[in-house]
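A.B. asks: In UniProt numbering, the protein residues as written are 1 to 398.
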Amino acid sequence: MVLQAFQVRLYPNATQKQLIHMTFGSTRFVWNQMLNMLIERYRNNPKCGFLSTYDRDALLPALKREYPWLKLVDSTALQRVNRDLTDAYKRFFDKTLSNRFPRFKSKRNNHRSYTSKLVGKNIEVLDQHHLKLPKLGKVYFRAGRILNGKIHTVTVSINPQGQYSATILLECDDPIPLPLTHQKVGLDLGLKQLITLSNGVSVPLTRYDRKLARRLRRWERKLARRLRNAKQAMAEDRHKKVLNPRTELWQFPRYQQARKTVAKIKRQIAARRLDNLQKLTTQLVREYDVLVVEKLSVKNLMKNHRLARSIANAAWGTLVRLLTYKFEWAGKQLIVVNPKSTSRICHVCQQKNTDFDGLSTHEWLAVRDWQCPNCQTTLDRDINAALNIKQRGLALVD
Ligand SMILES: [Zn+2]
Numbered sequence: 001m002v003l004q005a006f007q008v009r010l011y012p013n014a015t016q017k018q019l020i021h022m023t024f025g026s027t028r029f030v031w032n033q034m035l036n037m038l039i040e041r042y043r044n045n046p047k048c049g050f051l052s053t054y055d056r057d058a059l060l061p062a063l064k065r066e067y068p069w070l071k072l073v074d075s076t077a078l079q080r081v082n083r084d085l086t087d088a089y090k091r092f093f094d095k096t097l098s099n100r101f102p103r104f105k106s107k108r109n110n111h112r113s114y115t116s117k118l119v120g121k122n123i124e125v126l127d128q129h130h131l132k133l134p135k136l137g138k139v140y141f142r143a144g145r146i147l148n149g150k151i152h153t154v155t156v157s158i159n160p161q162g163q164y165s166a167t168i169l170l171e172c173d174d175p176i177p178l179p180l181t182h183q184k185v186g187l188d189l190g191l192k193q194l195i196t197l198s199n200g201v202s203v204p205l206t207r208y209d210r211k212l213a214r215r216l217r218r219w220e221r222k223l224a225r226r227l228r229n230a231k232q233a234m235a236e237d238r239h240k241k242v243l244n245p246r247t248e249l250w251q252f253p254r255y256q257q258a259r260k261t262v263a264k265i266k267r268q269i270a271a272r273r274l275d276n277l278q279k280l281t282t283q284l285v286r287e288y289d290v291l292v293v294e295k296l297s298v299k300n301l302m303k304n305h306r307l308a309r310s311i312a313n314a315a316w317g318t319l320v321r322l323l324t325y326k327f328e329w330a331g332k333q334l335i336v337v338n339p340k341s342t343s344r345i346c347h348v349c350q351q352k353n354t355d356f357d358g359l360s361t362h363e364w365l366a367v368r369d370w371q372c373p374n375c376q377t378t379l380d381r382d383i384n385a386a387l388n389i390k391q392r393g394l395a396l397v398d
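Right under this line is the structure:
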């Protein structure tokens, strides 16, 4: 059994919307109350020990008696807050991570969510358009696919544009391994060609979002201008001592509209990129049994500002992440190798070409073909690198 997350758009009615917002408020309230309690307890007696999720769940009924409106919202969502708080503490104390101490949650956060857990029959997929959720009842939803499997949790959230969605964690059957093709291949990641395979196949890096990127830049400029204007207006209100001075950004609808549009375009760009990479990686896992890729060091490359944009666009990190889990699921093999000098070593005679040592990164990237000074083979830069990557990977397993 594996857990898979599916996101669906929710279309709650007015009453349900109200209840969803109340649940956001209640979960935030419980988080802040519990966090405050833990801090106070520690302050009063540092030796008193941490109150576990279970112990804090036992405090919820008392809290509900004190604040009866907490009874109106889903109780599993409140329990989930306790668990999340414990996790936040764990991350803080984990030396391998550098997480900050859990913070109080503000009302002003634009991204809000809560998670309900399946208990008995509180959550159900009634049909392909209706979901039963705790306290909310029957909620209309739209999904891109049929939901099959046992539900674990449902996270209800609202994005900055005011759209509701539910992320449903489903228990699914183990994926069936794909049929074997006995094909082994090395993969080189690039800027002009997003990927080049050792067999010569390449996929260009298409700027499929150029139009959207232009739109984004335009709206980002608007956003900056409207923010500036809003701040100016607030300062003027203060200065002129008007009756009801505007002090918060939500009082500027034009600024808010620009903020929502920017968020929307960013989401569209991200969705398109992910969709493209999903299709590409699905094709790769179908066609090859063994795939060798280079270990990424995007950090180093990001230092070069000229390249930063292209690299982000190419989304190598996402590509490798998708390949990792798809190969795992299909029962196929993904090998990661150190890419050091793979584009400068001749794959035929293994001799390293030092002709390019003096070139700048930009000049070096412009080199497409080169001839090996040792064995005179003419090499395509990317295919040669992919072949070296393949050889390195296969040497690790054979
Ligand atoms: Zn050679």
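Each residue gets a CB set at the ideal place from its N, CA and C atoms; glycine is no exception.
Please classify residue 204: does DSSP put it in a helix, a strand, or coil?
C.D. replies: Note: residue 204 maps to strand in three-state DSSP.
A.B. asks: What do you reckon, are the CB atoms on residue 82 and residue 53 nearer than 7 Å?
C.D. replies: Yes, Cβ-Cβ distance for residue 82 and residue 53 is below 7 Å.
A.B. asks: Counting Cβ pairs closer than 8 Å, one from the stretch 7-20 and one from the stretch 131-145, do we hit at least three?
C.D. replies: The stretch 7-20 is in contact with the stretch 131-145.
A.B. asks: According to the Cβ coordinates, are residue 258 and residue 215 closer than 7 Å?
C.D. replies: The answer is no: Cβ separation not under 7 Å.
A.B. asks: Can you pull the DSSP bridge partners for residue 219?
C.D. replies: BP columns for residue 219 are empty, so no partner.
A.B. asks: Drop a sphere of 10 angstroms on the beta-carbon of residue 372, count the other beta-carbons inside from all chains shown, and report buried for 16 or more, exposed for fewer.
C.D. replies: Under this definition residue 372 is a buried residue.
A.B. asks: Where do the ends of the alpha helix (DSSP H) carrying residue 66 lie?
C.D. replies: Residue 66 -> alpha helix (DSSP H) spans 60-66.
A.B. asks: Which value, in whole angstroms, describes the spacing of the CA atoms of residue 385 and residue 89?
C.D. replies: Each residue's Cα considered, the two are about 45 Å apart.
A.B. asks: Cutting at 6 Å between CB atoms, please list the residues of its own chain near residue 64, excluding the five before and the five after it.
C.D. replies: For residue 64, where only same-chain residues beyond five positions count, the Cβ hits under 6 Å are 70, 71.
A.B. asks: Does the stretch 284-293 come close enough to the stretch 319-339 that 3 or more CB-CB pairs lie under 8 Å?
C.D. replies: Flag = yes, the stretch 319-339 and the stretch 284-293 touch.
A.B. asks: Check whether the stretch 141-151 touches the stretch 5-14, taking contact to mean three or more Cβ pairs, one atom from each stretch, closer than 8 Å.
C.D. replies: With a cut-off of 8 Å, the stretch 5-14 and the stretch 141-151 count as touching, because enough Cβ pairs lie within range.
A.B. asks: What's the C-alpha gap between residue 315 and residue 42?
C.D. replies: One C-alpha to the other measures close to 44 Å.
A.B. asks: Could you please go through the chain and list the residues whose beta-carbon is closer than 7 Å to any non-hydrogen atom of ligand 1?
C.D. replies: Selection output, chain order preserved: 346, 348, 349, 351, 372, 374, 375, 377.
A.B. asks: Looking at C-alpha atoms only, which residue of 221, 254, 361, 196 is the closest neighbour of residue 280?
C.D. replies: Cα-wise, what sits closest to residue 280 is 196.
A.B. asks: Judging by CA-CA distance, which residue of 261, 160, 186 is the nearest neighbour of residue 223?
C.D. replies: When only C-alpha atoms are compared, the closest one is 261.
A.B. asks: At the level of alpha carbons, what is the spacing between residue 236 and residue 74?
C.D. replies: So the two alpha carbons sit approximately 45 Å from each other.
A.B. asks: Alpha carbon to alpha carbon, what distance is there between residue 249 and residue 370?
C.D. replies: About 58 Å.
A.B. asks: Quick check: residue 85 and residue 34, are their CB atoms within less than 7 Å of each other?
C.D. replies: Yes, the pair counts as a contact, with Cβ atoms nearer than the cut-off.
A.B. asks: Excluding the 5 residues preceding and the 5 following residue 418 in the sequence, name in chain order all residues of the same chain whose CB lies nearer than 7 Å to its CB.
C.D. replies: It is not possible to answer for residue 418, since the shown part of the chain is limited to 1 through 398.
A.B. asks: In terms of residues, what are the limits of the alpha helix (DSSP H) holding residue 285?
C.D. replies: 253-287 is the span of the alpha helix (DSSP H), which, as asked, contains residue 285.
A.B. asks: Check the C-beta distance from residue 285 over to residue 327 and give it rounded, since I have them as a contact under 8 Å.
C.D. replies: Indeed, because the Cβ distance is near 6 Å, the residues count as touching under 8 Å.
A.B. asks: Let's see if you can read the secondary structure: which residues bound the alpha helix (DSSP H) around residue 81?
C.D. replies: Looking at the DSSP string, the run of the alpha helix (DSSP H) that includes residue 81 is 75-93.
A.B. asks: Under 7 Å Cβ to Cβ from residue 98, same chain only, skipping five residues before and after it: list those, please.
C.D. replies: Here the set comprises nothing.
A.B. asks: With the cut-off set at 7 Å, would you say residue 387 and residue 347 are in Cβ contact?
C.D. replies: Going by C-beta atoms, residue 387 is nearer than 7 Å to residue 347.
A.B. asks: How would you call residue 131, buried or exposed, if buried means at least 16 neighbouring beta carbons within 10 angstroms?
C.D. replies: It is buried - the Cβ of residue 131 has at least 16 other Cβ atoms within 10 Å.
A.B. asks: Strictly by DSSP, which residues pair up with residue 188?
C.D. replies: Looking at the DSSP assignment, residue 188 forms a beta bridge with 196.
A.B. asks: What first and last residue would you give for the beta strand (DSSP E) that runs through residue 152?
C.D. replies: Run containing residue 152: 150-158, per the beta strand (DSSP E) assignment.
A.B. asks: Which whole-angstrom value describes the C-beta separation of residue 194 and residue 205, a residue pair presumed to lie in contact below a C-beta threshold of 8 Å?
C.D. replies: Right, the Cβ-Cβ distance comes to about 4 Å (below 8 Å), so this counts as a contact.
A.B. asks: How many angstroms separate the CA atom of residue 26 from the CA atom of residue 221?
C.D. replies: Rounded to whole angstroms, residue 26 to residue 221 spans 37 Å at the Cα level.
A.B. asks: Would you tell me roughly how many angstroms separate the C-alpha atoms of residue 45 and residue 67, rounded to the nearest one?
C.D. replies: Going from the Cα of residue 45 to the Cα of residue 67 covers about 27 Å.
A.B. asks: Decide if residue 76 is buried, meaning its Cβ has at least 16 other Cβ atoms within 10 Å, or exposed.
C.D. replies: That one is buried.
A.B. asks: So, are the CB atoms of residue 177 and residue 331 less than 7 Å apart?
C.D. replies: Yes, the Cβ-Cβ distance between residue 177 and residue 331 is below 7 Å.
A.B. asks: Please report how far the alpha carbon of residue 23 lies from the alpha carbon of residue 2, in whole angstroms.
C.D. replies: Roughly 29 Å between the two C-alpha positions.
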